[in-house]
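Following the UniProt record's numbering, the numbering of the sequence shown begins with 1 at its first residue and continues without gaps.
Yeah, the Cβ is synthetic: ideal placement off N, Cα and C, and Gly gets one too.
Step one of this worksheet: look at the structure below.
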Amino acid sequence: MKQRLQGTGMTSRRTRERMVSRLREQGITNGKVLAAMAETPRHVFVDEALESRAYEDTALPIGHNQTISQPYIVARMTELLLEKGPRAKVLEIGTGCGYQTAILAKLVEQLYSVERIAPLMKKARDLLWELDIKTVGFKHSDGGWGWPEHAPFDGILAAAAPAEIPEALLAQLAEGGIMVIPVGSEGRQALHRITRTEHGFEDEIIEPVTFVPFLTGVSQ
Ligand code: SAH
């Protein structure tokens with residue numbers, strides 16, 4: 001693992017820094033987000049056969065019909081979550097391979113992450129432990145239920161797109177809390193940022209995106 005972490009050639013620190021320069025060109029400005037992405041070895045989150053493509057600006061397969069989100073989207077969603085001030089308690093829905101989880105864990109006080117596919121959740125949990133990221137709470141569950149025991153959250157970030165935002169998630173957002181979530185059916189999704197105010201919910205439509213669908217129930 002140590003050797004793999006270090007990386008060479010297409011998985012080296014220099015390649016990762018090129019990815020970060022590209023993110024800057026694409027309009028990402030939050031220095032903390034860029035720094036977290038510069039120090040997190042994205043290549044260890046994908047299969048060794050795909051390692052050399054880990055720093056391309058593209059989504060890649062991680063098994064079980066799922067994908068690791070493209071670097072730009074990870075950066076953009078994280079930036080949107082943090083833009084209005086630091087977030088203490090955050091819920092992530094759709095752990096996947098755990099890459100976005102690793103980035104968030106470095107930038108918020110306490111992170112909880114929910115994944116409906118058991119082997120993905122277990123693999124991500126073990127990998128983050130190896131990377132010395134040990135403070136994240138993981139749960140194998142349908143994220144549509146949120147995580148009521150830890151609610152309310154100052155931030156919620158979803159990596160899968162529901163047709164409509166589940167009520168439970170809106171209910172578990174604290175006042176002043178921010179949810180970044182893709183919404184819509186396949187081919188017609190947009191990234192939304194929902195802010196809970198004392199009067200209700202503010203909904204900003206950010207940009208068109210392509211995500212895997214937000215599914216209900218769990219898979220073993
Ligand atoms: N940020 C992750 C994205 C993975 S893709 C990464 O970079 O690897 C989206 C993930 O959301 C998939 O792993 C999928 O299984 C999960 N997912 C979809 N619907 C879900 C739901 N209702 N609850 C929890 N996880 C869900």
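Cβ contact (3+ pairs, closer than 8 Å) linking the segment 212–220 and the segment 107–119: Yes, the segment 212–220 touches the segment 107–119.
Secondary structure of residue 126, DSSP reduced to three states: Three-state DSSP puts residue 126 in a helix.
Heavy atom of the ligand SAH within 7 Å of residue 222 beta-carbon: A query on residue 222 cannot be resolved here, the shown segment of the chain reaching from 1 to 220 and no further.
Straight-line gap, residue 25 to residue 99 (C-alpha atoms, nearest Å): For the pair residue 25 and residue 99, the Cα-to-Cα distance works out to about 22 Å.
Limits of the unbroken beta strand (DSSP E) element including residue 55: Segment: none, residue 55 is in no beta strand (DSSP E) and carries neither H nor E.
Helix, strand or coil at residue 62 [DSSP, three-state]: Correct three-state label for residue 62: strand.
Sequence ranges, beta strand (DSSP E) only - wholly within the segment 90–155, length at least 3: Fully enclosed beta strand (DSSP E) runs of 3 or longer: 110–115, 137–140.
Continuous alpha helix (DSSP H) stretch holding residue 75: start and end: Residues 71–82.
For residue 174, the first and last residue of its enclosing beta strand (DSSP E): Element bounds for residue 174: 173–183.
Residue 57 versus 20, 30, 31, residue with shortest Cα-Cα distance: When each option's Cα is compared against that of residue 57, the closest is 20.
Which residues DSSP lists as bridging residue 203, in chain order: According to DSSP, which records beta bridges pairwise, residue 203 is partnered with 194.
Where the alpha helix (DSSP H) through residue 31 begins and ends: Unbroken alpha helix (DSSP H) run through residue 31: 31–39.
Own chain residues within Cβ distance below 8 Å of residue 55, not counting five before or after: 10, 11, 15, 16, 18, 19, 42, 43, 71.
Integer Cβ distance of residue 88 from residue 108, believed to fall under 8 Å: Correct: roughly 7 Å between the Cβ atoms.
Collapsed DSSP secondary structure at residue 189 in the structure displayed: Strand.
Counted within 10 angstroms of its Cβ, other Cβ atoms place residue 135 as buried (16 or more) or exposed: The residue is exposed, with fewer than 16 neighbouring Cβ atoms inside 10 Å.
For residue 91 and residue 147, the rounded distance between their alpha carbons: Cα atoms of residue 147 and residue 91: separation of roughly 8 Å, rounded to the nearest angstrom.
heavy atom of the ligand SAH below 7 Å from residue 115 C-beta: At least one heavy atom of the ligand SAH is nearer than 7 Å to the Cβ of residue 115, so yes.
Three-way DSSP call (helix, strand, coil) for residue 46 in this model: If DSSP states are grouped into helix, strand and coil, residue 46 belongs with coil.
Where residue 39 falls, given that 16 or more other Cβ within 10 Å makes a residue buried: With a 10 Å radius around the Cβ and a threshold of 16 neighbouring Cβ atoms, residue 39 comes out exposed.
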